[in-house]
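S.K.: Okay, handing you the structure first.
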Amino acid sequence: MGRKFVLVLTLLVLMPLFLRVGLNPTEVKTPNSYSVHNITAAQNYTTIQEAINNASDGDIIVADAGLYNEDVIVNRSVSLIGKERYNTIVNASGKYHAFDIKRNNVTIANFTIQNNNKDFFYGAYLRYPNGNISYNIVRNCSSGVFLDANSKNNFVAGNEIFSNGKRGIWVYNSSDNTIVGNNISSCGSEAILIRGTGAKDNVIQGNTISNCQKGIYVDLSNSNILSDNTMLNNQYNFGVMGTELSHFVNQIDTNNTVNGKPVYYWINQHSKTVPSDAGYIGLINSTGITIEGLNLKNNSQGVLMAFCDNCIMRNNTFAFNYWGAYIHSSDNVKIYHNNFTSNYIQAATNSVNAWDNGYPSGGNIWSDFLERYPNATDEKNGPYQNQTGSDGFWDNAYVIDDYNKDSYPIVPEFTSIIIMPLFIVTTLSTIIIYKRKQQRKQCFCW
Ligand SMILES: [Ca+2]
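Following this line, the structure appears as structure tokens:
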């Protein structure tokens, strides 16, 4: 952490040098010849690539404002600095990465980096350690910044990353990276994706993420630290996924927020109730936790529960999540009187749990019930739903899988409120149309 702190300080000191930027970008012109300057070697070049090809490790190269139509391969340990953030534009062809970084200790700062391919090629592709990608604008790439498996200990800070086809920042099996203070919006999939068992000990801090398909997603990775990240208006703001217990062991602070509400990611907690302001809930290796009366929406999971025992979820609304409830290797969980509304997958589990509270207390409301069981009725009652007369529970169970079902799915009140007037209106309309047809037949009014 000490080294990372020094890096942050260094960047803050260098910022005024980078930010000779007006708020209103000026017209971008193709650079004059010799617009790229190796200030260490006191040499000038016409392209960034030419400057790199003639550089030595440790050189600092500054590019004047202008449009650089280049796919840059960085095979020296150099610092590349754009003179004007908005107007020093690396405009890649769309046939390769804008910056393909094939050495360690490379810095790329204060550029606009754009590609012409949102499907395949990256803004900055790091294959080696100790890179520094800071204060850039990265747009129109597939992923903005990709930290690949052989890279580590990189610093990605203060970038504006938007309008990329897939990810904003993708960390794949790469460790010890610091990703801080980036503003990421409008990406086709994850704003920040941490993926793979080798993606650990990363610090993800103070990033602002909005209008992406997914906000932050941590997949099969452990020992990462997430703090003070703001996720707003993403379709699925936050999610953690894994198979083994170790995959879920990350430090995720409550100062991470989803649409202004805190993320509660509890590990090894016992006999507690989740606070009422929760925006996301992850329960890991915990027992006796109650989740009650919450409105959990627009996350990868409404609730993530992994390796837990003896927990209760009741009187909650899970809406517009990818998974409403994701219950992994957890036993003795009772899930009842919840409202599962329009989650892409309402509930998923690999364990066996109770999805109702017995009869006559009942189970949950499932928004897709009539979609799944279009001929469902509520004409019976009783523990076996075999006695005449309705009771407010559908007469057949809501099946989650072979081992999990809600035996007493609740008939939502709006079903009767809406269906009855609809029935009356439809019947009356049919009668009126029929009578008019009869009248026309009688009087030959055509
Ligand atoms: Ca019934």
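Offset between the sequence shown (1-based) and my numbering: plus 6.
All C-beta atoms, glycine included, are put in the ideal place defined by N, C-alpha and C.
Note that the structure is predicted; figures quoted are calculated from it, not measured.
1. Using the DSSP secondary-structure output, state which residues sit across from Ala325 in a beta bridge.
2. Run the CB neighbour count on Thr184, radius 10 Å, all protein chains shown included, and call it buried at 16 or more, exposed below.
3. One question on the structure: do Ile79 and Gln49 come within less than 9 Å of each other, judged by their Cβ atoms?
4. Can Arg145 and Gly129 be called in contact, C-beta distance under 9 Å?
5. Can the beta-carbon of Asp384 be found closer than 9 Å to that of Gly398?
6. Using only the heavy atoms of ligand 1, determine whether one of them is closer than 8 Å to the beta carbon of Ser396.
7. Is Ile45 buried or exposed, if buried means 16 or more other CB atoms sit within 10 Å of its CB?
8. If you follow the alpha helix (DSSP H) that Glu377 is part of, which residue opens it and which one closes it?
9. With a threshold of 6 Å on Cβ separation, who are the neighbours of Ala197 within its own chain once the five nearest residues in sequence on each side are excluded?
10. Could you tell me whether any non-hydrogen atom of ligand 1 is closer than 8 Å to the CB of Glu419?
11. Taking 8 Å as the cut-off, does the stretch 319-337 touch the stretch 295-309 (at least 3 CB pairs, one atom from each stretch)?
12. Could you check which residue in Arg133, Glu90 and Tyr102 has the C-alpha nearest to that of Gly72?
13. Cβ of Asn381 within 8 Å of any heavy atom in ligand 1?
14. Taking Thr279 as the reference, which of Lys267, Ser396, Gly294 and Phe168 has the closest Cα?
15. Beta carbon of Ser99, beta carbon of Asn121: below 9 Å?
16. Can Trp400 be considered in contact with ligand 1, in the sense that its beta carbon sits closer than 8 Å to one or more heavy atoms?
17. Pick helix, strand or coil for Leu15, following the three-state DSSP scheme.
18. What does a CB cutoff of less than 8 Å around Pro31 pick up in its chain, not counting 5 residues either side in sequence?
19. By the DSSP assignment, the beta strand (DSSP E) with Ile416 in it spans what residues?
20. Does the distance from the CB of Trp361 to the CB of Tyr404 come in under 9 Å?
21. Keeping to the same chain, check which residues put their C-beta closer than 6 Å to that of His343; ignore five residues upstream and five downstream.
22. For a minimum of 4 consecutive residues, which ranges assigned as the alpha helix (DSSP H) are wholly contained in the stretch 191-215?
23. Expressed to the nearest angstrom, what Euclidean distance is found between the alpha-carbon atoms of Cys314 and Ser335?
24. Consider the C-beta atom of Asp412 and the heavy atoms of ligand 3; say whether any pair is separated by less than 8 Å.
25. Between which two residues does the beta strand (DSSP E) containing Ala104 stretch?
26. I'd like to confirm something about Asp362: is its beta-carbon nearer than 8 Å to some heavy atom of ligand 1, or not?
27. Any heavy atom of ligand 1 closer than 8 Å to the beta-carbon of Asn4?
28. Which of the three DSSP states is assigned to Asn410 in this structure?
29. State the Cα-Cα distance for the pair Arg378 and Gln352, rounded to the nearest angstrom.
30. Over what stretch of residues does the beta strand (DSSP E) that includes Glu298 continue unbroken?
31. Can you name the start and end residues of the beta strand (DSSP E) that Gln49 belongs to?
32. Measure the alpha-carbon distance for Lys172 versus Ser192 and round it to whole angstroms.
33. Which partner residues of Leu310 appear in the DSSP bridge assignment?
34. Apart from the five residues just before and just after Gly395, which ones in its own chain have a Cβ nearer than 6 Å to its Cβ?
35. Within 10 angstroms of the Cβ of Lys267, are there 16 or more other Cβ atoms? Answer buried if so, exposed if not.
36. Return the CA-CA distance between Tyr178 and Asp154, expressed in angstroms with no decimal places.
M.R.: Working from what's here:
1. Lys303 and Thr347
2. buried
3. no
4. yes
5. yes
6. yes
7. exposed
8. Phe375 to Arg378
9. Gly174, Ile190, Ile215, Cys218 and Gly221
10. no
11. yes
12. Glu90
13. no
14. Gly294
15. yes
16. yes
17. Reliability of the predicted coordinates at Leu15 is poor, the pLDDT of 41 falling under 50, and the value obtained from them is presented with this limitation in mind. Reduced to three states, the DSSP call for Leu15 is helix.
18. A caution first: Pro31 carries a pLDDT of 46, below 50, which makes its placement in the model unreliable, though a value can still be read off. So the list reads Tyr92 and Asn93, once near-sequence residues are dropped.
19. That residue, Ile416, is in no beta strand (DSSP E); it is neither H nor E in DSSP.
20. yes
21. Arg320 and Asn321
22. none
23. 7 Å
24. Although ligand 3 was asked about, the structure shown includes only ligand 1 as ligands.
25. From DSSP, Ala104 is part of no beta strand (DSSP E); its letter is neither H nor E.
26. no
27. Residue 4 falls outside the range modelled here, since the chain spans only 7 to 452, and no answer is possible.
28. strand
29. 12 Å
30. Thr296 to Glu298
31. Gln49 to Tyr51
32. 9 Å
33. Gly288 and Tyr332
34. Asn387
35. buried
36. 5 Å
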